[in-house]
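J.: Adding 1020 to a residue's 1-based position in the sequence shown gives its number in our numbering. Think of the CB as a built atom: it goes at the ideal place given N, C-alpha and C, for glycine as much as any other residue.
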Amino acid sequence: MPIYEYKCKKCGKISSYMERVDEFRILGRKCAHCGSRRTKKILSGFSTVKRTDMPTMINELKKYGPVNFVPGTPPVQGPPPGGCPYASESEQGNKED
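1) Skipping 5 residues on each side, what residues in its chain have a beta carbon closer than 6 angstroms to that of G1048?
2) Where are the beta strand (DSSP E) runs, 3 residues long or more, that stay fully inside the segment 1032-1090, in chain order?
3) Can you give the beta carbon distance from I1054 to K1029, rounded, assuming they're within the 8 angstroms contact cut?
4) Between the alpha carbons of L1063 and I1034, how many angstroms are there, rounded?
5) What does the Cβ neighbour count give for C1051, buried or exposed, with the cut at 16 atoms within 10 Å?
6) Which two residues bound the contiguous beta strand (DSSP E) that contains K1027?
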């Protein structure tokens, strides 16, 4: 079910309600803030999902200008330079046991 937003004509605040698409309301929705029924359905933002493969998406983006993607981070290979700062703590923890 989509979420519809209503703006209150009395207090000016916006309330959101889930409604069926085919639901018709003669009376306005009740304002969640002040209780007034003097509300008006407003147009709110929405999003959709477009499923495309990566090459198609890149070609579409190239129409608008140069595309420079940041390469992914390389996989971690071994301990960090200078060794692991917690290595000595874990060795001490094992000695105390």
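T.: The answer reads as follows:
1) R1057 and T1059
2) 1034-1038 and 1059-1062
3) Inspection of the sequence shows that residue 1054 is occupied by Cys rather than by Ile. Their Cβ separation, rounded to whole angstroms, is 10 angstroms, which puts C1054 and K1029 out of contact at 8 angstroms.
4) 11 angstroms
5) buried
6) I1023 to C1028
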